[in-house]
Every structure is written in C-alpha cells, then in structure tokens.
Amino acid sequence: MNREVRVRFAPSPTGALHIGGVRTALYNYLFAKKNGGKFLLRIEDTDQTRFVPGAEKYIKDALEWLNISPDESPWNPGDCGPYRQSERKAMYMDYALDLLEKGHAYYAFDTPEELEAMRERLTAARVVSPQYNSITRTQMKNSLTLPADEVAARLASGEPYVIRVKIPRKEEVRLQDKVRGWVMVHSSTLDDKVLMKSDGMPTYHLANIVDDHLMNITHVIRGEEWLPSAPLHVLLYRYFGWEDTMPEFAHLPLLLKPDGNGKLSKRDAEKHGFPLFPLSWQDPVSGQIADGFKEGGYLPDAFLNFLAFLGWNPGDHRELFTLDELVEAFSIERIGKSGTKFDINKAKWYNEQYLRRKSDAELAAYLTEGMEAEGLQIPMEKAEKIAAIMKERATFPADLWKEGQFMVIAPESFDQEIAAKRWNEDSVKVLSVFKDILEELEGELLAPQAKELLNQAAETAEVKLGKIMQAVRLAITGIGAGPDLMEVFEILGKQELIKRITFALNTLEIKG
RNA sequence: GGUCCGUUCGUCUAGGGGUUAGGACGUAUCCCUUUCACGGAUAAAACACGGGUUCGAUUCCCGUACGGACUACCA
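If you read the first sequence in this note's numbering, its first letter stands for residue 952, the second for the next number, and so on.
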C-alpha cells in the first residue's frame, strides 16, 4: 500500500515560534515536498490556560516569511479539518470512551492534592519514580478500584474526573525511529498518562494520535523531547487498532546553546546578542520584545539554508542551497543523531553569501530603505552603483547604508587617528593640485580617468602616490577604509569632490 | 534518582575495520589590492576514556565518564 506522504507541524500557540520549532517545520516541509506529499499545520491548543493571543498569527507569518507555508492549515483548510484542536474538542471523548470500553483506559477521580500526597508518600518510601502506574493505581480513586455503582454515581453527579490510559505492567514496547533506529522501552517505566483532562479537553498524547490518524499522517517528524513519550503513542495506536497505518517516527536532535551545554534558551540569545525567533515578538503580557532574525537583517533564504544544516547535511561538500535544492537533496536518513550547538557566525556567513548573489537593483532598494529613514533621496542609478561596490563588505542589508553613507553625506569630521598619522604637507600638496586639475576638467569624471589625474597630481607635486593614498581617502570620506577610491570618485562626481577636498584642506591640520 | 537518547577539529559536519581522518564557519599567516573588504593559498585544530572482538579499531560490542531530553489534568 503506497500512501501519499502527509506530515504535520503541530505547534502550540503559547508564544513566538522558537528557532528549533522553525527547523522542525522546515524538515517537515522538505520531507513532504521531496516525496510529493503534503505539509500540514495543526494548532495544538488543548491547554486553554496557556493560550497566547497573536501566537497563531505569528506562526503563520513566520512560515510565510520563509516561504514554507503549509498545504493545509487553519487558514487554508484541506479535507481533514478543523486544524485547531480546540475546534475538534467534541470528537476526542468518543475515542477515549472507545479505549475505556476496550479496557485500555479508566476513569480517575483523584484530586490534585491526592495526587500530590501520593507522590510524597512514594518519595518518602524511596520509590525511584513516583508515578500513577500499574502498582499505584490500585490505591487511588478510579474506576478500577471503586465499585461500579459508585463510579456511575460520581460521573452522574458531575464530579470532575480524568480518563487515564491503562499501561500494562510488563510489556516491551518497541518502536523504529528513522533517525535513531530501534528504541525499546519497558512498559513498567511508563505511567498511566491522562488522556482526557477534567476540563473535557484531551491531552497532547490522546489528541495527537487521534488527529494524526484522522489526518492520514504518514510520518511524524518532531523534536527529540518527544522520544520518551513515543512508546506511549505506539501503545495508543495499538489499542485503537490503528497499528497498520501508524506513522513512522523521526525524532530530531535538539538545538543546544553555543557555549557549554544545554538546550538553547532565550538567555543565551540575549547573552550573545543574536535572535532566537524568526520574527520579532512582543509578549502580550510582559510587553517584552524578543528580537527576530528578519528584523536583524537575515535574508529568509540564507536563514533557511543555515537552519537546514543544523542537524542535516547533503553528504557532499555543497553548502549553498536554494529551497528547491534543499527539497531535492533532503532525506531523513541524513539527519544526525546528536545535539547541535548554535553558531551565529555561520548564520552571518550564509547571509553574506546570499547578499552578494543579489542584483544591484535589489541591493539598491535596501540602501534607499536606510536612507529614507533619514529623509534622504538619491537617483536609483547612483544607489545601484553604491550598492555594487559596497556589497562585498556587507553582512546585512542595513550595512549597505551604514557603511556606504559617506558616498551620500559629505564628512563633517575626520578619523582622528588616521589624520594624525597620515595627514601631512605632501597630502596637502597633492590634493591642492588635484583640486586644480578637477576644476579645469570638462565633462564627467570616470574611475580610470580619476586615477590618471590623481597620478598626474602626485607627479606634479613630486610625491609618491602610495604615500598619501590613505590621506586622500580620509579627506574624501572621513574614514580610513572603504571600497576602491576611484570608484568612489566616480560616484561622487567632480563638483562634490572639489567641495570635499576644499573642506578637508580647510579643516584638517598637520600634526607633529 | 529513574527511563531514554547522544559523544569526530573551538563550532557545523563527512567518513567508516587498514585513510596523510575530508569539507565548511571561525582563527592565524601569505598572495592579490596604492586602504579595508572580497577572492586565492597555506597553517594550527578532532575520533571522550577503559576493556573486549580482530592480524588490525576512530569505525563493531560492553562498560565508564560526560552531556542532553523526559519524568504534569504542558505541549
């Protein structure tokens, strides 16, 4: 039986989508597309207390920014809706009842206090892992220990209850993970997880099995934090009688912090000054703003490429992949097993690579964006020229303006250190002659000609050009480093050059 | 604590019973460049440890150490 590949990304709307979640979404997307299947998104909002307004919109926007939008989702439903678990609420109880009838689940009436007391009792008795299981359930208030009529009475009276799965005492549970191979767990280490909560909502464990089955999910690709509960999920598929269509599992390695060890956290992001979220996010409660890669100047393609390589590689030495190329190259078999430390340097490198591959016109648009913020405007032709000579030195689009603005705004002051070291009588001589030459010049000044004329000026002044180049740069740009000066001359034009040289000659003083 | 998962240069990783253990980022040096950057070249840099199995283990097995995840009426 060859089923159409269907995978899902199933975030819960509890805040901004973490970069690890984005990678999970990406791998799901890549796998679906590679296999000609469908990528769906399901909102796992069964915990009403953790709902955060705006979180779902954030998820949608983030995936859109990266161009990996799902084929089916709450805002673009397919045939398996609804795509929010809260809207599927009504269906879960039937499935829980089905398990109950089959003897694989039971009602439990224990209060939170009683559960806490049980855990304390077990801890005091030095039980290694205090949990609700095949042993302890015999001492708790549930439909396994209470008489049938009392259970019926409690249910009829509206007393709060949960439905728990009845985990067998001794059973080996095996599952094949596509990343890790066979994983074996003994049922005695599992506990009787709650399936239906007292508020009538299912827990994740029930909901994800029911929904994955109903949505014909063929592969579950999710974070490694789910591996410990995967055996429970296998058991549930078995109890429902869905084993033959049970999805295959692939548990992704975790994203770790850049220094030391441990899971990547918000604190690390702040400490190292890099974003943790695709888009910036303002927490609706605290009002705190978390940085986003988008706002930080990361290009979506570059970010995606970087993310894809955090835990996966194509097996050859290629590094730069478009989204289509990633789809083509992707396979679950090439996902690594071990946790991955997050290195922002590599992300920056990817950004540079992608930035340099952009056309001058695209880059010019970034440049003018920065200028508009300061109320400045220049002809597109000039913007393209500036972008062209600036792109080799930019990491982010904003650098184009930040580091290239001297070509639009004349310097009002000069780098003191360079001035002290390089500004001398020779540079004054050459620049004075050069200025005179420019004033005589007719027509446009082009880069090769500029070089010729400057050489001429140096000869006239009897100065070696190499000795004063730095000073010339300083006079024109105010700083000691930048793109090819002759290109800068051409962009600035004759009049502007004369103006700047005059200003420099009048302002800079010869030291020592 | 228990269960599960993991461990190749600083980082991301390739590889796999016999290799000079390969690449990329970062770092250093050199070249190019009348600056800086880009680009090019070179260098330093790794199989966690201990036992097996084997003619031979970084590779297979078992331990140990270390790290991580999970251990809720959260997902």
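Cβ atoms here follow ideal geometry from the backbone N, Cα and C, with glycine treated the same way. For clarity, every value in this text was computed on a predicted model and none was experimentally measured.
Can you name, in chain order, every residue of its own chain whose Cβ lies under 8 angstroms from the Cβ of L1203, other than the five neighbours on each side?
Here the question's residue 1203 lines up with position 252 in the first sequence. The residues are R974, T975, Y978, V1130, I1172, R1173, G1174, E1175, G1262, I1286.
Just verifying my parser: in three-state terms, what is the DSSP assignment at L1146?
Residue mapping note: residue 1146 aligns to position 195 of the first sequence, counting from 1. L1146 falls in the strand class under three-state DSSP.
For my contact list, Y1058 and Y1112 are in at a C-beta cut-off of 8 angstroms; report their separation, rounded to the angstrom.
Residue 1058 sits at position 107 when you count from the first residue of the first sequence. Residue 1112 sits at position 161 when you count from the first residue of the first sequence. At roughly 5 angstroms, the Cβ-Cβ gap stays under 8 angstroms, so Y1058 and Y1112 are in contact.
Quick one: grab the DSSP three-state call for K1129.
Residue 1129 sits at position 178 when you count from the first residue of the first sequence. In the structure shown, K1129 sits in coil (DSSP, three-state: anything other than H, G, I, E or B).
Distance, Cα to Cα, D1162 vs R1035?
By 1-based counting over the first sequence, the position of residue 1162 is 211. By 1-based counting over the first sequence, the position of residue 1035 is 84. In a straight line, the C-alpha of D1162 is about 10 angstroms away from that of R1035.
With the cut-off set at 8 angstroms, would you say S1190 and T997 are in Cβ contact?
Numbered from 1 along the first sequence, position 239 holds the residue referred to as residue 1190. Numbered from 1 along the first sequence, position 46 holds the residue referred to as residue 997. Note that residue 1190 corresponds to Tyr in the displayed sequence, not to Ser. In this structure, T997 does not lie closer than 8 angstroms to Y1190 by Cβ.
Note down the Cα distance separating S1085 from E1123, rounded to an integer number of angstroms.
Along the first sequence, one-based indexing puts residue 1085 at 134. Along the first sequence, one-based indexing puts residue 1123 at 172. In a straight line, the C-alpha of S1085 is about 15 angstroms away from that of E1123.
Per-residue DSSP class, three states only, for I970
Here residue 970 corresponds to residue number 19 of the first sequence, with the count starting at 1. Residue state, collapsed to three classes: helix.
Cβ-Cβ separation, Y1188 to N1256 (assumed contact under 8 angstroms), whole Å
Numbered from 1 along the first sequence, position 305 holds the residue referred to as residue 1256. Numbered from 1 along the first sequence, position 237 holds the residue referred to as residue 1188. Contact flag wrong, Cβ pair sits at about 36 angstroms.
Would you mind listing the beta strand (DSSP E) stretches within the stretch 1197-1278 that are 3+ residues and don't spill past its ends, in chain order?
1199-1203
Hey, could you find the ends of the beta strand (DSSP E) G1174 is sitting in?
In the first sequence, the residue the question calls residue 1174 occupies position 223. From DSSP, the beta strand (DSSP E) with G1174 extends over 1170-1174.
Express the C-alpha separation of Q999 and K1040 in angstroms, rounding to a whole number.
For the purposes of this step, residue 1040 is taken as the residue at position 89 of the first sequence. For the purposes of this step, residue 999 is taken as the residue at position 48 of the first sequence. Approximately 12 angstroms, taken between the alpha carbons.
Based on DSSP bridge pairs, tell me the residues matched to A1059.
Translated into the one-based positions of the first sequence, residue 1059 becomes position 108. According to DSSP, A1059 bridges with N1093, V1113.
Note the first and the last residue of the continuous beta strand (DSSP E) segment covering F960.
In the first sequence, counting from the first residue as 1, residue 960 sits at position 9. First-last of the beta strand (DSSP E) with F960: 957-960.
What is the DSSP secondary structure of M1437, counted as helix, strand or coil?
On the first sequence, position 486 is the one that residue 1437 refers to. Helix.
For N1084, three-class secondary structure by DSSP
The count along the first sequence starts at 1 and reaches residue 1084 at position 133. N1084 falls in the coil class under three-state DSSP.
Thinking C-beta only, is F1002 closer than 8 angstroms to V958?
By 1-based counting over the first sequence, the position of residue 958 is 7. By 1-based counting over the first sequence, the position of residue 1002 is 51. Their beta carbons are not under 8 angstroms apart, which means V958 does not touch F1002 by this criterion.
Here's a check: name, in chain order, each residue in its chain whose Cβ is nearer than 6 angstroms to the Cβ of K1292, leaving out the five neighbours to either side.
Position 341 of the first sequence holds residue 1292. Cβ neighbours of K1292 beyond the five flanking positions: L1207, P1209.
Sequence-distant residues of its chain with Cβ nearer than 7 angstroms to T1074 (five each side left out):
Translated into the one-based positions of the first sequence, residue 1074 becomes position 123. Same-chain partners within the cutoff: P1081.
If you draw a straight line from the alpha carbon of L1095 to that of P1119, how long is it in whole angstroms?
In the first sequence, counting from the first residue as 1, residue 1095 sits at position 144. In the first sequence, counting from the first residue as 1, residue 1119 sits at position 168. Cα to Cα, the separation comes out at about 14 angstroms.
Touch test, the stretch 1362-1378 against the stretch 1427-1446, Cβ-Cβ under 8 angstroms, three pairs minimum:
yes
Residue(s) in a DSSP beta bridge with T1291:
What you label residue 1291 is simply residue 340 of the first sequence in a count that begins at 1. DSSP lists L1206 as partners of T1291.
Based on the DSSP output, what are the partners of H1137 in its beta bridges?
Here residue 1137 refers to the residue found at position 186 of the first sequence. Paired residues: E1123.
Contact under 8 angstroms by Cβ, G1321 with W1352:
For this step, residue 1321 is matched to residue 370 along the first sequence. For this step, residue 1352 is matched to residue 401 along the first sequence. A contact, by the Cβ cut-off of 8 angstroms.
Own chain, CB closer than 8 angstroms to D1128, minus 5 neighbours either side, in chain order:
Here residue 1128 refers to the residue found at position 177 when the first sequence is read from its first residue. So the qualifying residues of the chain are V1134, L1178, A1181, F1200, A1201, H1202.
Please classify V1414 as buried or exposed, where buried requires at least 16 other C-beta atoms within 10 Å of its C-beta.
Counted from its first residue, the first sequence places residue 1414 at position 463. With 16 or more Cβ atoms within 10 Å of its Cβ, V1414 is classed as buried.
A1241 and S1231 closer than 8 angstroms at C-beta
Sequence index remark: in the first sequence, residue 1241 carries index 290 (1-based). Sequence index remark: in the first sequence, residue 1231 carries index 280 (1-based). A contact, by the Cβ cut-off of 8 angstroms.
What residue range does the beta strand (DSSP E) around F990 cover?
The sequence position of residue 990 within the first sequence is 39, counting from 1. Taken as a continuous stretch (DSSP letters only), the beta strand (DSSP E) holding F990 covers 989-992.
Would you mind sorting A1312 into buried or exposed? The rule is 16 or more other CB atoms within 10 Å of its CB.
Numbered from its first residue, the first sequence carries residue 1312 at position 361. Exposed, because fewer than 16 other Cβ atoms sit within 10 Å of the Cβ of A1312.
Comparing alpha-carbon positions, which option in I1168, K1402, L1186, M1091 lies nearest H1137?
Working through the first sequence from its first residue, we reach residue 1137 at position 186. Cα-wise, what sits closest to H1137 is L1186.
May I ask you to check if the CB of L1436 is nearer than 7 angstroms to at least one heavy atom of the ligand PLP?
The model depicted lacks the ligand PLP and carries no ligand whatsoever.
Should K1117 and A1056 be called a contact, given that it needs their Cβ atoms to be closer than 8 angstroms?
Taking the first residue of the first sequence as 1, we reach residue 1117 at position 166. Taking the first residue of the first sequence as 1, we reach residue 1056 at position 105. For K1117 and A1056, yes; Cβs fall inside 8 angstroms.
Residues in the same chain with beta-carbon distance under 7 angstroms from F1060, minus the five sequence neighbours each way, listed in chain order, please.
What you label residue 1060 is simply residue 109 of the first sequence in a count that begins at 1. Within the same chain, F1060 has close Cβ partners K1092, N1093, R1105, E1110, Y1112.
Whole angstroms is fine: what's the gap from L1314's alpha carbon to L1397's?
Numbered from 1 along the first sequence, position 363 holds the residue referred to as residue 1314. Numbered from 1 along the first sequence, position 446 holds the residue referred to as residue 1397. Approximately 22 angstroms between the Cα atoms of the pair.
Taking Cβ positions, are P1028 and I994 nearer each other than 8 angstroms?
In the first sequence, counting from the first residue as 1, residue 1028 sits at position 77. In the first sequence, counting from the first residue as 1, residue 994 sits at position 43. No.
Here's the rule I'm using: 16 or more other beta-carbon atoms within 10 Å means buried, otherwise exposed. How should A1324 be labelled?
In the first sequence, counting from the first residue as 1, residue 1324 sits at position 373. It is exposed - the Cβ of A1324 has fewer than 16 other Cβ atoms within 10 Å.
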